[in-house]
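Structure first, then comments.
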Amino acid sequence: MPPTATIGILGAGQLGRMLALAGYPLGMRFRLLDPALDSPAGELAQQYAAPYDDEPTLTGFAEGLDLVTYEFENVPVAAARFLEALVPVYPPPAALAAAQDRLVEKTFFQRLGIPTPSFAAVDSYEDLERAVAEIGLPAVLKTRRMGYDGKGQAVVRAPEELRSAWQMLGGQGLILEGFVPFTRELSVLAVRGRDGATACYPLVENTHRGGILRRSVAPAPGLTPGLQALAEEYAARALDALGYIGVLAIELFEVEEQLLVNEMAPRVHNSGHWTIEGAATSQFENHLRAVAGLPLGSTAARGHAAMLNLIGTVPDVAPVLVLPECHLHLYGKEPRPGRKLGHITLRADDEATLLQRLAELEALVSG
Ligand code: AMP
Numbered sequence: 011m012p013p014t015a016t017i018g019i020l021g022a023g024q025l026g027r028m029l030a031l032a033g034y035p036l037g038m039r040f041r042l043l044d045p046a047l048d049s050p051a052g053e054l055a056q057q058y059a060a061p062y063d064d065e066p067t068l069t070g071f072a073e074g075l076d077l078v079t080y081e082f083e084n085v086p087v088a089a090a091r092f093l094e095a096l097v098p099v100y101p102p103p104a105a106l107a108a109a110q111d112r113l114v115e116k117t118f119f120q121r122l123g124i125p126t127p128s129f130a131a132v133d134s135y136e137d138l139e140r141a142v143a144e145i146g147l148p149a150v151l152k153t154r155r156m157g158y159d160g161k162g163q164a165v166v167r168a169p170e171e172l173r174s175a176w177q178m179l180g181g182q183g184l185i186l187e188g189f190v191p192f193t194r195e196l197s198v199l200a201v202r203g204r205d206g207a208t209a210c211y212p213l214v215e216n217t218h219r220g221g222i223l224r225r226s227v228a229p230a231p232g233l234t235p236g237l238q239a240l241a242e243e244y245a246a247r248a249l250d251a252l253g254y255i256g257v258l259a260i261e262l263f264e265v266e267e268q269l270l271v272n273e274m275a276p277r278v279h280n281s282g283h284w285t286i287e288g289a290a291t292s293q294f295e296n297h298l299r300a301v302a303g304l305p306l307g308s309t310a311a312r313g314h315a316a317m318l319n320l321i322g323t324v325p326d327v328a329p330v331l332v333l334p335e336c337h338l339h340l341y342g343k344e345p346r347p348g349r350k351l352g353h354i355t356l357r358a359d360d361e362a363t364l365l366q367r368l369a370e371l372e373a374l375v376s377g
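The sequence shown: position 290 = 300 (our numbering), numbered continuously.
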């Protein structure tokens, strides 16, 4: 496929925006499908504003495209499969299906011999009592589908909290997970090309606030070659099992030098935004290279990077931009509580300088 490919993206959020920004220098063109108007990527490419499962729209959308990819993992799998009959779709829709259901996802990793928190399916209150007897407390009750940014889940610390957790979430497919006393949360971003070549970025340390990613530091402070190798081995197993093409993000809990998989996202990921300035090739460019059948670019870090999400409000940008090697990314979204409006990436040659600049930045950014 020539680099001048026209790529359809399902979803037109900030990830689609950053994909397009990475693809234009490569000569790529983009077409978007997203039911939401005023979308961050909509300013950059032609957008079809229609439901994802509208087949006549999908047919028109696919016309003349070289391939379709996605930036949103809750696209209906049926829509991805419908498109697959018309045009290549990468990553494979099977990866979407696995990532959309926490039970299927955890079972997938378990089958590959990759550790996860202990888990059990919960479809009734009796199931929940049985799962608690098996897994123990504390535990986390989650919806199997459509959960993101900590939504659709409840921590159960004591037996008397079971009823209220059930009342809050019952009536849909659930999963109970053992509560992991993790040291920290990490993620690995891996990419696999059409020729099966794979590469991984250095592990990222992630900090959440209110269930939303607040901050990423890469490479994760104190990262050992052993931990990186373990993450890469798990990622390679998942990529190969899925016949994956594109960027895959895997969120991990670190517990005593071990890694447990929390979840995966079959797309570019918020914890990889630092790669735009902090790696030799950004996750966005590497995703596009992978799906277009081009050689992958180096995933090596350029020194050390930190990314801070701007959630709900945007700070006064002038004092922020005064910081050395500071890069502002705004997504063109209307401010709303809990909404990701942009991010800021800092880069430095050494970790101590990075962390010092990060402290200065955090003092300027509230929310
Ligand atoms: P999730 O939507 O599954 O990514 O969960 C959102 C956040 O909740 C995670 O980033 C963790 O901080 C926390 N969390 C989720 N599952 C567990 C678990 N099994 N044990 C401890 N914390 C968890």
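Using N, Cα and C, we set each Cβ at its ideal position, and we do this for glycine too. Note that the structure is predicted; figures quoted are calculated from it, not measured.
To the nearest angstrom, how far is it from the Cα of residue 278 to the Cα of residue 319? For this step, residue 278 is matched to residue 268 along the sequence shown. For this step, residue 319 is matched to residue 309 along the sequence shown. Residue 278 and residue 319: Cα-Cα distance of roughly 16 Å.
Verify the contact flag: residue 127, CB atom, against every heavy atom of the ligand AMP, threshold strictly below 7 Å. Here residue 127 refers to the residue found at position 117 of the sequence shown. Because some heavy atom of the ligand AMP lies under 7 Å away, the Cβ of residue 127 counts as near it: yes.
Relative to the ligand AMP, is the shortest distance from any of its heavy atoms to the C-beta of residue 279 smaller than 7 Å? By one-based count along the sequence shown, residue 279 stands at place 269. For the ligand AMP, not one heavy atom lies less than 7 Å from the Cβ of residue 279.
On the criterion of 16 or more Cβ atoms from any shown chain inside 10 Å, does residue 360 qualify as buried, or is it exposed? The count along the sequence shown starts at 1 and reaches residue 360 at position 350. Answer is exposed; the Cβ neighbour count stays below 16.
Check this for me: beta carbons of residue 81 and residue 26, under 8 Å apart or not? Counting from 1 along the sequence shown, the entry for residue 81 is found at position 71. Counting from 1 along the sequence shown, the entry for residue 26 is found at position 16. In contact: residue 81 and residue 26 (Cβ atoms closer than 8 Å).
At least 3 beta-carbon pairs within less than 8 Å: the region 243 to 257 vs the region 81 to 96: no
Ends of the beta strand (DSSP E) at residue 216? To locate residue 216, count along the sequence shown from 1; it is residue 206. Element bounds for residue 216: 214 to 219.
Are residue 176 and residue 228 close, meaning C-beta to C-beta below 8 Å? Here the question's residue 176 lines up with position 166 in the sequence shown. Here the question's residue 228 lines up with position 218 in the sequence shown. Taking 8 Å as the Cβ cut-off, residue 176 and residue 228 do not qualify as a contacting pair.
I'd like to check one pair, residue 15 with residue 302: are the Cβ atoms closer than 8 Å? Walking along the sequence shown from the start, residue 302 turns up at place 292. Walking along the sequence shown from the start, residue 15 turns up at place 5. In this structure, residue 15 lies closer than 8 Å to residue 302 by Cβ.
Alpha carbons only, please: which of 373, 246 and 269 is nearest the one belonging to residue 201? In the sequence shown, the residue the question calls residue 201 occupies position 191. The option with the nearest alpha carbon to residue 201 is 246.
Can you tell me the Cα-Cα spacing of residue 104 and residue 128, whole angstroms? Sequence index remark: in the sequence shown, residue 104 carries index 94 (1-based). Sequence index remark: in the sequence shown, residue 128 carries index 118 (1-based). Looking at the two C-alpha atoms, the distance is approximately 24 Å.
Determine the extent of the alpha helix (DSSP H) in which residue 31 is found, giving its start and end residues. Taking the first residue of the sequence shown as 1, we reach residue 31 at position 21. Counting along the chain, the alpha helix (DSSP H) containing residue 31 begins and ends at 24 to 33.
Look at the alpha carbon of residue 74 and the alpha carbon of residue 67, and state the distance between them as a whole number of angstroms. Your numbering for residue 74 matches position 64 in the sequence shown. Your numbering for residue 67 matches position 57 in the sequence shown. Using only the alpha carbons, I get a separation of about 14 Å.
Return yes when at least one heavy atom of the ligand AMP lies under 7 Å from the C-beta of residue 400, else no. A question about residue 400 goes unanswered here, because the residues of the chain that appear run from 11 up to 377.
Confirm, please, whether the CB-CB distance from residue 370 to residue 333 is below 8 Å. Taking the first residue of the sequence shown as 1, we reach residue 333 at position 323. Taking the first residue of the sequence shown as 1, we reach residue 370 at position 360. Against a cut-off of 8 Å, the Cβ pair of residue 370 and residue 333 comes out as a contact.
For residue 129, which beta-bridge partners are listed by DSSP? Working through the sequence shown from its first residue, we reach residue 129 at position 119. DSSP, once it has assigned bridges, lists 187 as partnering residue 129.
Examine the ligand AMP and report whether any of its heavy atoms sits within less than 7 Å of the Cβ of residue 92. Here residue 92 is taken as the residue at index 82 of the sequence shown, counted from 1. No - the ligand AMP has no heavy atom lying nearer than 7 Å to the Cβ of residue 92.
What do you get for residue 132, buried or exposed, if any count of 16 or more other CB atoms within 10 angstroms of its CB means buried? Here residue 132 is taken as the residue at index 122 of the sequence shown, counted from 1. Classification for residue 132: buried.
Take residue 342 and list the residues in its own chain whose beta-carbon comes closer than 7 Å to its own, dropping the five residues that flank it on each side. Locating residue 342 in the sequence shown gives position 332, counting from the first residue. 50 and 53, listed in sequence order.
Would you list, in sequence order, the uninterrupted beta strand (DSSP E) runs of no fewer than 3 residues that lie entirely inside the region 200 to 280? 208 to 210, 214 to 219, 222 to 228, 256 to 265 and 268 to 275
Note the first and the last residue of the continuous beta strand (DSSP E) segment covering residue 38. The residue you call residue 38 lines up with position 28 of the sequence shown. First-last for residue 38: undefined, no H or E at that position.
Should residue 161 be labelled buried (16 or more other beta-carbon atoms within 10 Å of its own) or exposed? Translated into the one-based positions of the sequence shown, residue 161 becomes position 151. Residue 161 is exposed by the Cβ-count criterion.
Does at least one heavy atom of the ligand AMP sit under 7 Å from the Cβ of residue 163? In the sequence shown, residue 163 corresponds to position 153, counting from 1. Yes; taking the cut-off as 7 Å, the Cβ of residue 163 has a heavy atom of the ligand AMP nearer than that.
Within 8 Å, do at least three Cβ pairs link the region 176 to 196 to the region 144 to 152? yes
So if DSSP puts residue 340 in a beta bridge, which residue, or which two residues, is it bridged to? Against the sequence shown, residue 340 aligns to sequence position 330. In DSSP, residue 340 forms a bridge with 352.
Just checking residue 350 against the ligand AMP - is the residue's beta carbon closer than 7 Å to any of the ligand's heavy atoms? Stepping through the sequence shown from its first residue, residue 350 is reached at position 340. No, the beta carbon of residue 350 sits no closer than 7 Å to any heavy atom of the ligand AMP.
Tell me the DSSP bridge mates of residue 19? Taking the sequence shown and counting its residues from 1, the one referred to as residue 19 is at position 9. Among the bridge pairs identified by DSSP, residue 19 is matched with 42 and 79.
If you measure between the beta carbons of residue 77 and residue 298, is that distance less than 8 Å? The residue labelled residue 77 in the question sits at position 67 within the sequence shown. The residue labelled residue 298 in the question sits at position 288 within the sequence shown. The answer is no: Cβ separation not under 8 Å.
Below 8 Å between beta carbons: does that hold for residue 222 and residue 348? What you label residue 222 is simply residue 212 of the sequence shown in a count that begins at 1. What you label residue 348 is simply residue 338 of the sequence shown in a count that begins at 1. Closer than 8 Å, so yes.
Is residue 144 near the ligand AMP, with its Cβ less than 7 Å from a heavy atom? On the sequence shown, position 134 is the one that residue 144 refers to. In this structure, residue 144 has its beta carbon at no less than 7 Å from each heavy atom of the ligand AMP.
Distance cut-off 7 Å: residue 7 Cβ against heavy atoms of the ligand AMP: Because the chain here runs from 11 to 377, residue 7 falls outside it and cannot be looked at.
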